[in-house]
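Remarks on the structure that follows.
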Amino acid sequence: MRKWEAAVLLLVALPAAACGRPAPPDGSTPAGQTVTVTAHEWAFDPATLQAKPGSVTFQVRNNGAVEHNFFIENVPRGAVEAIQPGQTKVLTVTVAAGEYTLICNLPGHREAGMVATLKVGR
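Positions in the sequence shown are counted from 1; adding 25 to them yields the working numbering.
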C-alpha cells in the first residue's frame, strides 16, 4: 500500500472510531442508571444496592400495608416523602463513590429494620 493510500484510510477511519460516546473523565454514568427498591414492613428489598458514581434514579415501590418513605442519608434532596401502600415514587440524585445508608425515617420504622445500604463504586 502506498503512503498516500494509507493516509487516506487513516483519515477515514479516525472519525468513524471517534463516533462512540466517550466516558466522562470522572467515571460517572453518562445517561444515569435506575435502581428499583421495594419497601414493606419492615425492610427494603434489596437490602444492599449497587450503583456507579453519577446520576441514579430510584424507583421506590411500597408493597407494604402502611405508609413508608425513603431517605438517603447525607445526600442533598435525597428523600421521597409519604409513599402510600401500592404507590411507586421516583427520586433522582447524584452520588459520589462511597457507601450510603437508606432509611425509612417514620417513627419506629428504622428501628424495626427499614435500613438498606447503597454501595457506589466505579
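Ideal Cβ placement from N, Cα and C applies to all residues, glycine included.
Open item on the list: Less than 8 Å between the C-beta atoms of N3 and T119, yes or no?
Closed with: Residue 3 falls outside the range modelled here, since the chain spans only 26 to 147, and no answer is possible.
Task: Per-residue burial, A43 [other beta carbons within 10 Å of its own, 16 or more giving buried] - done: Counting from 1 along the sequence shown, the entry for residue 43 is found at position 18. With a pLDDT of only 36 at A43, under the threshold of 50, the placement of this residue in the model should not be trusted, and no figure is reported.
Task: Burial state of P47 (16 or more Cβ within 10 Å) - done: The sequence position of residue 47 within the sequence shown is 22, counting from 1. Low confidence applies here, because P47 scores a pLDDT of 37, under 50, leaving its location unreliable; read the following figure in that light. Classification of P47: exposed, given that the 10 Å Cβ count is below 16.
TODO: Determine the extent of the beta strand (DSSP E) in which K144 is found, giving its start and end residues.
DONE: Walking along the sequence shown from the start, residue 144 turns up at place 119. First-last of the beta strand (DSSP E) with K144: 140-145.
Open item on the list: Alpha carbons only, please: which of H134, R102, A121 is nearest the one belonging to A76?
Closed with: In the sequence shown, the residue the question calls residue 76 occupies position 51. The option with the nearest alpha carbon to A76 is A121.
Task: Stretch-stretch touch, CB-based, cutoff 8 Å, three pairs: the segment 127-134 with the segment 110-119 - done: no
- [ ] Report all residues from its chain with a CB closer than 6 Å to the CB of D70; omit the five preceding and five following residues, and keep chain order.
- [x] Along the sequence shown, one-based indexing puts residue 70 at 45. T63.
Open item on the list: List, from N- to C-terminal side, the beta strand (DSSP E) runs of 3 residues or more that fit wholly inside the segment 87-129.
Closed with: 93-97, 104-108, 113-120, 123-128
- [ ] Specify the secondary structure class of A137 as computed by DSSP and reduced to three states.
- [x] Stepping through the sequence shown from its first residue, residue 137 is reached at position 112. The answer is coil: DSSP assigns A137 none of H, G, I, E or B.
- [ ] Would you tell me roughly how many angstroms separate the C-alpha atoms of S80 and A90, rounded to the nearest one?
- [x] Here residue 80 refers to the residue found at position 55 when the sequence shown is read from its first residue. Here residue 90 refers to the residue found at position 65 when the sequence shown is read from its first residue. Answer to the nearest angstrom: the Cα atoms are 30 Å apart.
Task: Secondary structure of T54, DSSP reduced to three states - done: Looking up residue 54 in the sequence shown gives position 29. For T54, the predicted model reports a pLDDT of 37, less than 50, meaning its position is unreliable; a value from the coordinates is still stated below. Of the three classes helix, strand and coil, the one that applies to T54 here is strand, per DSSP.
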